[in-house]
Every structure is written in structure tokens, then in C-alpha cells.
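Whatever position you read off the sequence shown (first residue = 1), add 31 for the numbering used here.
Backbone N, C-alpha and C fix where the C-beta goes; we use that ideal spot for every residue, glycine too.
All remarks here apply to the structure that follows.
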Amino acid sequence: MEGRIEKLGPPRSPPPERGVASGLACDLVGLSREELGDFFAGLGESPYRAKQLWHWIYHRGVRKFSEMTTFNKKLQGLLSESCRVTRPEIRRLQESADGTRKWLLAFSDGNEAEIVHIPEVDRGTLCISSQVGCTLTCQFCHTGTQKLVRNLTPGEIVGQMLIARDHFNEWPSPKERRHISNVVFMGMGEPLYNYENVAQAIRILMDGEGIALSKRRITLSTTGVVPMIQRAGNELDVQLAISLHATTDALRDKLVPLNRKYPLAELIKACRTYPRAANSRRITFEYVMLKGINDSITDAKQLVKLIQGIPAKVNLIPFNTWPGAPYECSMPETISAFADVVNEAGYASPVRIPRGQDILAACGQLKSASERRARIPAKTTVKGN
Ligand code: SAH
């Protein structure tokens, strides 16, 4: 473990360049409004075209330029020759007995990531990925055992939403009663290690003339990349979830090795200063329940003390096992005693009902076969720890 800690950090090679990573001359999905404006200017067209294109891609879900009827035939032809509007490829779609769906997606370089849709009575949550694999090696997480890691581009992140929207035929963007009403960055990867691309994708998801997701319906979940928490708060102001899982540095160092770089005191301080005026903007602390490891009443009391004064809720996640996992899930009565302590201290402490376990779609179970692929361009590849 000691030797590994030095290696922890964001993938070191730069994220693949847009368009280059996708192997296409130019993929318009994932470009910012400014980039699209520049693109049309380069074609000698008015910047207004960018606004029109945005509407077709993100409000109507249209992929073919020939269907973009506000463009004349000449422009449609020019666009077809010079660029594309793409989606990741769907390699597999599985549906759980409880209605949860999991897609295995492949990007144009062959790397894969998984996304999950969780339907609930009053909402539908899409859990998306920010990286192929993850560098963080949290001891209880399946994704952390995957060797290959690379950052996803803004287009690849937004593309996950487009795939799910296509599936539910949720075009044009409905105002309400959406199948995908919420997006959480709780799939594969550490979103704050891919901040720029995630931020660009979030801005696209939030744009009112397209997918139009409210910032209250987007949750960034982080293991605790402290300097980036501040930045995300200032620049994006979306909902924040912290994967806490332990209340002492000794235990958290082990379960979540990133803690050695950003210990609990710093993490909690960053949470205290995260923009959050109202109770509706509470920070979510995620806490995986591991039998005999972090699930005692003492742990619960320490947790309450640690987050004292932060408007928060605590999501207790029964550990979801995976092949070869070194932990077991706490007993139901242990979880409910733990929840009682947290609840009595004034924090909502819902116990997450695992969803999609039969298809390995629950928290921490995602893992793709990317590590088994032999040839990944070195430029886009970073070894896990
Ligand atoms: N890297 C980010 C995003 C991953 S989110 C983060 O750590 O927040 C996935 C959530 O599921 C995290 O809270 C993670 O700690 C939790 N998790 C990972 N493996 C798990 C498992 N086997 N059972 C339950 N929860 C798990």
C-alpha cells in the first residue's frame, strides 16, 4: 500500500483530444457553445447556426443533418462531409428484475464504460461514468480493480445521457415526468480527477435550450479530491456527494487510500465551505456498511460528530459484493441501529435499497472488460495503481 500511494492521482496523460479520441474528423457532441460557434465561423456561417444545431442535438435528439430542417441543403451537405453527431456504441443492455437497466458502452477507441438507469416512483436516475476504470483503488469497489484508466471526453460523458434518452425516446426534451430526471456521477471513475471534461459535460446537461437538467438534479460524487471540491462548488454549484465510509483517518486511509493525500479534517473543511444556503442543498455523505469494519455504534457517533453543523444527509449503502471482494455486508439490524444514531442526531439516514444486483449494476459493482484489451493507444492510457 505504501508504495502505491505515491502513484495516486489523476490520470497523468492528457485526456484525449476531442475528435481525435473519437477517431472522427469532428464530432459535434460535447463541444461547448463557444466551440460550436467557432466551428460554424470556420465554415463561413453565422454563429446563430450554433444555437440551431444545439436545439437539434440536445433538445430534439436528432443525429442526421438531413433532418435538421432549419439548415439549407448546402449546409446539410457540408456538415455531413465534415463532421458527425455520434453516440457511444451499445455493446450490451441488461435489465434487472427490479427494472434497473445497465448498458455497457464502447467508445470509438474500443474502451468501455457502464451506465445504469434506476427507475423510482417519483424520479428516474441515470448513473453515469466519468472515466474508463478508476485510479483510486478503494478497497471495497469493483471498479478500482480494473487496470485501465482514461478520462472520458465531454462528448463521451454527454453521449451516455443521449443513449439513455434515445432508449426512452425522451425527445424532444420533456419539461416534466422525465424517465431521466436526475443524473449522478456515481458510475465508473472519479469525476473530480477529470474535472474539465466533467464540467463541460455538466454545462451541456444543464443548458436550458437543450437537455435542461437543473443543477439540483445533478450530483457530483467524489472520494474527496479536496482542491477540486471548492472549484466545483464555485463554478458548477451542483449537488455534492462525498464517499466518506470511515470516520477516522486510520480506517479511511485503508478503505479509501486517497485519504492519505486529503485527510478527513481537510475534506470536512471543504464540505463546510461548499455553497449550500438552504436545507434543500444538503451535502450527501455516502457510507458503505462493511461488517465488523465501520458499522459499530461508536462509528455512528463519530460520524455524527464529524459532520456536525453541515446541512447533510447520510446515505447508508449496504455493501454490494462482487467476485473476490474482501468484505461482507453488515447485518440488517446493525445497519438499522447505525441509522438510528445518525437519525436521532438530526440527519436523514436512508438505507439505500440495492438496485440491479442481479445484473451487477449496484453501487461499486461496475467494471468493464477494457483491461483485457491488448491495444489501447498509449496516449490515452494510464495504468491503474
Ligand atoms: N469516485 C466517485 C464516484 C463513484 S460513486 C466516488 O467515490 O464518490 C460510487 C459510490 O459507490 C461511492 O460512494 C462508492 O464508494 C460506493 N461503492 C463503491 N463500491 C461499493 C460497493 N461494493 N458497495 C456499495 N457501495 C460501493
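If distances are taken between C-alpha atoms only, which option among LYS292, GLY239 and LEU167 comes closest to PRO222?
Taking the first residue of the sequence shown as position 1, residue 222 is located at position 191. Of LYS292, GLY239 and LEU167, the residue nearest in Cα terms is LEU167.
Ignoring anything shorter than 3 residues or poking outside the region 320-393, list the beta strand (DSSP E) runs there in chain order.
DSSP runs (the beta strand (DSSP E)) wholly in the region 320-393: 343-349.
Are there 16 or more other CB atoms within 10 angstroms of the CB of GLN396, so buried, or fewer, so exposed?
Translated into the one-based positions of the sequence shown, residue 396 becomes position 365. Classification of GLN396: buried, given that the 10 Å Cβ count is 16 or more.
Find the nearest neighbour of THR8 within the set LYS336, GLU143 and VAL60, judged by alpha-carbon distance.
The question about residue 8 has no answer here: the residues shown for the chain are numbered 32 through 416.
Can you name, in chain order, every residue of its own chain whose Cβ lies under 6 Å from the Cβ of TYR293, other than the five neighbours on each side?
In the sequence shown, counting from the first residue as 1, residue 293 sits at position 262. Counting only Cβ-Cβ distances below 6 Å, and skipping sequence neighbours, we find GLY255 and VAL257.
Go to GLY73, then tell me how far its alpha helix (DSSP H) extends in each direction, as first and last residue.
As a position in the sequence shown, residue 73 is number 42, starting the count at 1. 64-73 is the span of the alpha helix (DSSP H), which, as asked, contains GLY73.
Contact defined as beta carbons within less than 8 Å: I believe PRO342 pairs with ARG386. What is the distance between those atoms, to the nearest angstrom?
What you label residue 342 is simply residue 311 of the sequence shown in a count that begins at 1. What you label residue 386 is simply residue 355 of the sequence shown in a count that begins at 1. Between ARG386 and PRO342 the Cβ distance is about 26 Å, and since that is not below 8 Å, they are no contact.
Give me the Cβ distance between VAL229 and SER139, rounded to the nearest whole Å; I'm assuming they're in contact under 8 Å.
The residue you call residue 229 lines up with position 198 of the sequence shown. The residue you call residue 139 lines up with position 108 of the sequence shown. Going by Cβ atoms, the distance from VAL229 to SER139 rounds to 19 Å, so no, they are not a contact pair.
Any heavy atom of ligand 1 closer than 7 Å to the beta-carbon of THR156?
In the sequence shown, residue 156 corresponds to position 125, counting from 1. The answer is no for THR156.
Provide the residue(s) that pair with HIS148 in DSSP beta bridges, ordered along the chain.
Position 117 of the sequence shown, counted from the first residue, corresponds to residue 148. Answer is ARG132 and LEU157.
Between ILE328, LEU62, CYS394 and GLU201, which lies nearest to VAL365 when the distance is taken from Cα to Cα?
Locating residue 365 in the sequence shown gives position 334, where the first residue counts as 1. For the sequence presented, residue 365 should be read as Thr rather than Val. Looking at the Cα atoms, ILE328 is the closest of the given residues.
Do ASP238 and GLY92 come within 8 Å of each other at the CB atom, strictly closer than that value?
As a working mapping, residue 92 is identified with position 61 in the sequence shown. As a working mapping, residue 238 is identified with position 207 in the sequence shown. The answer is no: Cβ separation not under 8 Å.
Would you call the region 334-352 and the region 388-395 in contact, with 3 or more CB pairs under 8 Å?
Counting Cβ pairs under 8 Å, three or more are found: they touch.
If you follow the beta strand (DSSP E) that ALA272 is in, where does it begin and where does it stop?
Here the question's residue 272 lines up with position 241 in the sequence shown. Counting along the chain, the beta strand (DSSP E) containing ALA272 begins and ends at 270-274.
Hey, is HIS210 close to ligand 1, as in C-beta under 7 Å from one of its heavy atoms?
On the sequence shown, position 179 is the one that residue 210 refers to. No, the beta carbon of HIS210 sits no closer than 7 Å to any heavy atom of ligand 1.
Ignore the nearest five residues each way along the sequence and tell me which others in SER53's own chain have a CB closer than 6 Å to its CB.
Residue mapping note: residue 53 aligns to position 22 of the sequence shown, counting from 1. Note that SER53 scores 40 on pLDDT, short of 50, meaning its location in the model is unreliable; the coordinates nonetheless yield the value given after this. For SER53, where only same-chain residues beyond five positions count, the Cβ hits under 6 Å are SER139.
Thinking C-beta only, is ILE249 closer than 8 Å to HIS148?
Counting from one through the sequence shown, the residue named residue 148 turns up at place 117. Counting from one through the sequence shown, the residue named residue 249 turns up at place 218. Not closer than 8 Å, so no.
Quick check on the burial criterion: 16 or more other C-beta atoms within 10 angstroms. Buried or exposed for GLY108?
Counted from its first residue, the sequence shown places residue 108 at position 77. Answer is exposed; the Cβ neighbour count stays below 16.
Suppose only complete runs of 3+ residues qualify. What are the beta strand (DSSP E) ranges in the region 252-305, listed by chain order?
Listed in chain order, the complete beta strand (DSSP E) runs (minimum 3 residues) inside the region 252-305 are 270-274.
Taking 7 Å as the line, does the beta carbon of PRO200 fall inside it for any heavy atom of ligand 1?
Along the sequence shown, one-based indexing puts residue 200 at 169. Residue identity check: residue 200 is Asn in the sequence provided, not Pro. Outside the cutoff, so no.
So, at 6 Å on beta carbons, what are the nonlocal neighbours of GLN339 in its own chain, with the 5 sequence-adjacent residues on each side left out?
Position 308 of the sequence shown, counted from the first residue, corresponds to residue 339. Cβ within range, chain order: n/a, list empty.
In whole angstroms, what is the alpha-carbon distance linking MET219 and VAL372?
The count along the sequence shown starts at 1 and reaches residue 219 at position 188. The count along the sequence shown starts at 1 and reaches residue 372 at position 341. Going from the Cα of MET219 to the Cα of VAL372 covers about 31 Å.
Can you tell me which residues form a DSSP beta bridge with GLU126?
Here residue 126 refers to the residue found at position 95 when the sequence shown is read from its first residue. GLU126 is bridged to ARG132.
Report the CB separation of ILE390 from GLN125 in whole angstroms; it is logged as a contact under 8 Å.
Working through the sequence shown from its first residue, we reach residue 390 at position 359. Working through the sequence shown from its first residue, we reach residue 125 at position 94. With 8 Å as the limit, ILE390 and GLN125 qualify as a contact, their Cβ atoms being about 4 Å apart.
Would you say ASN290 touches ligand 1, meaning its beta carbon is less than 7 Å from a heavy atom?
Locating residue 290 in the sequence shown gives position 259, where the first residue counts as 1. No, the beta carbon of ASN290 sits no closer than 7 Å to any heavy atom of ligand 1.
Between VAL345 and ligand 1, is the CB less than 7 Å from at least one heavy atom?
Locating residue 345 in the sequence shown gives position 314, counting from the first residue. No - ligand 1 has no heavy atom lying nearer than 7 Å to the Cβ of VAL345.
Could you tell me whether the region 66-74 touches the region 180-192, where touching means 3 or more Cβ pairs closer than 8 Å?
No, the region 66-74 is not in contact with the region 180-192.
Using the beta-carbon count (16 or more within 10 Å), is GLY164 buried or exposed?
As a working mapping, residue 164 is identified with position 133 in the sequence shown. When all chains shown are included, GLY164 counts as buried.
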